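> First the structure, then my questions, so here it is.
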Amino acid sequence: GGAIVDMLYPAGAPSRIPTIAVTGTNGKTTTVRLTAHLLAEGGCRVGVSTTDGVYVAGRLIYSADATGPASAQMILGDPTVDVAVLETARGGLLRRGLGYDWSDVGIITNIDAEHLGQDGLETVDDLMDVKSVVAEHVRDGGTLILNADDMNVRSLVDMKFVRAEHKNVVWFSVDSDNPVVNAHVRSGERAYVLEDGWLVEYTGTERTALSRAGELPGAFGGVSAHAIANALAALAASRAVGIAAEVADQRLRAFDPWIDNPGRGMLWQHGDVYMLIDYAHNAHGIAAMAQTVSAVWGRDRGIALVNLPGDRRDDLLEASARAVADGFDRILVYDGDDLRGRKRDEIPGIVCEAIADYRPEVSCSAVPDMAAAITEGLRQANPGDVMLVMYEKIDPVLDYLTELGATPVSPDGETASQMAGQMR
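See the structure below:
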């Protein structure tokens, strides 16, 4: 028996691979995909777990919601994988744990009210306790990458079990005046920030401009704040594991949202109306997409097509309704196929009632399904308007858009500038 073990695991042979874990309320999947893309350089075989499956070297090997410990172990047990990038979600953490003992890098994208009322989680503090497990299990001397623009994430460094003082804390921010980042940099530490149109790395006072925000794929010419935040986190992770600055910039600019990030911020066009497809499904995510719509098109040009998960508490659905009303004056709400325990038309009723109480001047209507929502949105739209389409499952949406004759559009800087010129 010992001889077999010695053959499989020779003395002195590497027994671990660099491991990056990503958690948060929103942005996990995109940050994982971006990070994996930055690392897949020079033949490096990246193992990735996300909400849509397990990938090794860009090839899907297991299709499922793969954000739990079994998926992590599938990747970590694959001898062909050189580095692991693991999306780590609340459900798997609560039910079965992490699936690894410690990581080299941990990323916390943001923490906001979501899934409350499920699995014993009743407050945001409860959710923070769960998400902090990823921070706790970054090894001593490893890198903990945190969103300095998020109040809840900022407080993680004060949690006893995170032991932040034993780790290399790296902050990222889309605000160049963020006081947490500025104090961190003055103390000689590392941070990543959006500054004067650049994604910038600070190591103490040493400043390195890595990438132009306007050239970031999927960021609409550098005006989509959440897309830039995800890119900053991915850049921080890639640099933490040794990717050269110029390579990170090249790889970031080569990221193709259509191929590398399906279902997130996908832009389509039908005639002279745009459709922005995204899995925004909570107040935080909806607010992020509303910011993008406002920055590119203007609030008055947007129509929101809303689909929300039925297993969320009424107060969370109402918070999402208010977030939609803060960003849009025209709103259509539809049920998906999986009602998750709700009655049909129940969620549209909750959403429209909450909007009527919050902003009665906003138009909110219930429509039967996704196809009806898109059809009615196109009927209401004026030339140059944009429809934000929130979805339950991406494939039926794309199939229906194709059936309508809609065509995909690249949300790059040139396209965003052209759209802005047409509309203003």
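Residue numbers for the sequence shown follow my numbering, beginning at -4 and rising by one.
The beta-carbon is built from N, C-alpha and C at its ideal position, and this holds for glycine as well.
If you're wondering where the values come from, they're calculated on a predicted model, not measured in any experiment.
In this structure, what does DSSP give as the bridge partners for Trp193?
Counting from 1 along the sequence shown, the entry for residue 193 is found at position 198. Per DSSP, Glu190, Arg207.
> Helix, strand or coil for His265 per DSSP?
Mapped onto the sequence shown, residue 265 falls at position 270. Three-state result, His265: strand.
> By Cβ distance, which residues of its chain are closer than 7 Å to Tyr95, with the 5 residues on each side in sequence left out?
As a working note, residue 95 is residue 100 in the sequence shown. Hits under 7 Å: Thr14, Ala67, Leu71.
> Going by C-alpha to C-alpha distance, which of Ser171, Arg134, Val175, His179 sits closest to Val157?
Locating residue 157 in the sequence shown gives position 162, counting from the first residue. Ranking Ser171, Arg134, Val175, His179 by Cα distance to Val157 puts Arg134 first.
> Could you tell me whether the region 328 to 344 touches the region 245 to 263, using the rule of 3 or more Cβ pairs below 8 Å?
Result no; under three Cβ-Cβ pairs closer than 8 Å.
> Who are the Cβ neighbours of Glu356 in its own chain at under 8 Å, not counting the five residues just before and after it?
Numbered from its first residue, the sequence shown carries residue 356 at position 361. So the qualifying residues of the chain are Asp324.
> Would you kindly report the start and end of the unbroken beta strand (DSSP E) that includes Leu423?
Nothing about residue 423 can be reported from this structure: the residues present for the chain run from -4 to 419 only.
> Do you know offhand how far His276's Cα is from Ala285's?
Taking the sequence shown and counting its residues from 1, the one referred to as residue 276 is at position 281. Taking the sequence shown and counting its residues from 1, the one referred to as residue 285 is at position 290. Approximately 12 Å between the Cα atoms of the pair.
> With a CB to CB cut of under 7 Å and the five nearest residues on each side skipped, what residues in its chain are close to Pro64?
Residue numbering aside, residue 64 sits at position 69 when the sequence shown is read from its first letter. Taken in chain order, the residues that qualify are Gly87, Arg91, Gly92, Leu93, Gly94.
> Thr136: buried (16+ other C-beta within 10 angstroms of its C-beta) or exposed?
For the purposes of this step, residue 136 is taken as residue 141 along the sequence shown, with counting starting at 1. Just to set this straight, residue 136 is Gly in the shown sequence, not Thr. It counts as exposed.
> Taking the Cβ atom as the reference point for each residue, do Leu303 and Leu327 lie within a distance shorter than 8 Å?
In the sequence shown, residue 303 corresponds to position 308, counting from 1. In the sequence shown, residue 327 corresponds to position 332, counting from 1. Cβ distance not < 8 Å, so Leu303 and Leu327 don't count as in contact.
> Cα-Cα, which of Met146, Ala367, Ala240, Trp253 is closest to Ala204?
Within the sequence shown, numbered from 1, the residue matching residue 204 stands at position 209. Cα-wise, what sits closest to Ala204 is Ala240.
> Closer than 8 Å is the cut-off here; do at least three beta carbon pairs connect the region 205 to 213 with the region 171 to 182?
Contact fails: fewer than three Cβ-Cβ distances are below 8 Å.
> Thinking C-alpha only, which one of Ala243, Arg234, Leu396, Ala282 is nearest Asp99?
Within the sequence shown, numbered from 1, the residue matching residue 99 stands at position 104. Minimum Cα distance to Asp99 is reached at Arg234.
> Express the C-alpha separation of Ala316 and His221 in angstroms, rounding to a whole number.
Against the sequence shown, residue 221 aligns to sequence position 226. Against the sequence shown, residue 316 aligns to sequence position 321. Taking the straight line joining both Cα atoms gives about 20 Å.
> Given a cut-off of 8 Å, decide if Thr62 and Thr83 are closer than it, judged by their beta-carbon atoms.
Position 88 of the sequence shown, counted from the first residue, corresponds to residue 83. Position 67 of the sequence shown, counted from the first residue, corresponds to residue 62. Yes.
> Quick one: what's got a C-beta closer than 7 Å to Glu190's C-beta in the same chain, skipping five residues either side?
Counting from 1 along the sequence shown, the entry for residue 190 is found at position 195. Closer than 7 Å at the Cβ level, and outside the excluded window around Glu190, lie Ser171.
> To which residues does DSSP link Val51 through a beta bridge?
Your numbering for residue 51 matches position 56 in the sequence shown. Paired residues: Gly42, Arg54.
> Considering only residues of the region 298 to 375, which uninterrupted alpha helix (DSSP H) runs meet the minimum length of 4 residues and lie entirely inside it, listed in chain order?
Those alpha helix (DSSP H) runs which fall completely within the region 298 to 375 and span 4+ residues are 309 to 322, 341 to 353, 365 to 375.
> Apart from the five residues just before and just after Gly336, which ones in its own chain have a Cβ nearer than 7 Å to its Cβ?
Position 341 of the sequence shown, counted from the start, is the residue given in the question as residue 336. Excluding sequence neighbours, Gly336 sits near Gly305, Asp306.
> Below 8 Å CB to CB, which residues in the same chain sit around Asp340 once its five sequence neighbours on both sides are set aside?
Taking the sequence shown and counting its residues from 1, the one referred to as residue 340 is at position 345. Answer for Asp340: Asp330, Ala361, listed in chain order.
> Would you identify the three-state DSSP class for Phe167, choosing helix, strand or coil?
Here residue 167 corresponds to residue number 172 of the sequence shown, with the count starting at 1. Here Phe167 sits in strand by DSSP.
> Ordered along the chain, which non-local residues of its own chain (more than five positions away) have a Cβ less than 7 Å from that of Leu399?
Walking along the sequence shown from the start, residue 399 turns up at place 404. His265.
> At the 8 Å Cβ level, is Arg308 part of the contact set with chain D, yes or no?
Any reference to chain D falls outside this structure, which holds one protein chain only.
> Can you give me the Cβ contacts of Met418 inside the same chain, cut-off strictly under 7 Å, excluding the 5 residues immediately before and after it?
Numbered from its first residue, the sequence shown carries residue 418 at position 423. Residue placement at Met418 is flagged as unreliable, the pLDDT there being 44, under the threshold of 50; the coordinate-derived value follows with that caveat. Closer than 7 Å at Cβ, skipping near neighbours: Trp292, Gly293, Arg296, Gly379.
> Can you tell me which of the three DSSP states Ser98 falls into?
Residue mapping note: residue 98 aligns to position 103 of the sequence shown, counting from 1. Strand, per DSSP.
> What's the call for Ser58, buried or exposed, on a 16-neighbour Cβ count within 10 Å?
Working through the sequence shown from its first residue, we reach residue 58 at position 63. That one is exposed.
> Can you give the Cα-Cα distance for Asp107 and Leu230, rounded to whole angstroms?
The residue labelled residue 107 in the question sits at position 112 within the sequence shown. The residue labelled residue 230 in the question sits at position 235 within the sequence shown. Answer to the nearest angstrom: the Cα atoms are 23 Å apart.
> Using the rule of at least 16 other Cβ atoms within 10 Å of the residue's Cβ for burial, across every protein chain shown, is Glu201 buried or exposed?
Translated into the one-based positions of the sequence shown, residue 201 becomes position 206. Exposed is the call here.
> Cβ atoms of Thr104 and Lys23: under 8 Å apart, would you say?
Position 28 of the sequence shown holds residue 23. Position 109 of the sequence shown holds residue 104. In this structure, Thr104 lies closer than 8 Å to Lys23 by Cβ.
> On the criterion of 16 or more Cβ atoms from any shown chain inside 10 Å, does Asn21 qualify as buried, or is it exposed?
If you number the sequence shown from 1, residue 21 lands on position 26. Asn21 comes out buried.
> Apply the 10 Å Cβ neighbour rule to His132 and answer buried if 16 or more other Cβ atoms are within range, or exposed otherwise.
Against the sequence shown, residue 132 aligns to sequence position 137. So His132 counts as buried.
> Locate the beta strand (DSSP E) running through Ile15, then write down its first and last residues.
The residue given as residue 15 occupies position 20 in the sequence shown. Counting along the chain, the beta strand (DSSP E) containing Ile15 begins and ends at 14 to 18.
> Taking just the CA atoms, how far does Gly19 sit from Gly37?
Your numbering for residue 37 matches position 42 in the sequence shown. Your numbering for residue 19 matches position 24 in the sequence shown. One C-alpha to the other measures close to 30 Å.
> With 16 as the cutoff for other CB atoms within 10 Å, does Asp332 come out buried or exposed?
One-based indexing of the sequence shown puts residue 332 at position 337. Answer is exposed; the Cβ neighbour count stays below 16.
> Hey, could you find the ends of the alpha helix (DSSP H) Leu399 is sitting in?
The residue given as residue 399 occupies position 404 in the sequence shown. Residues 389 to 399.
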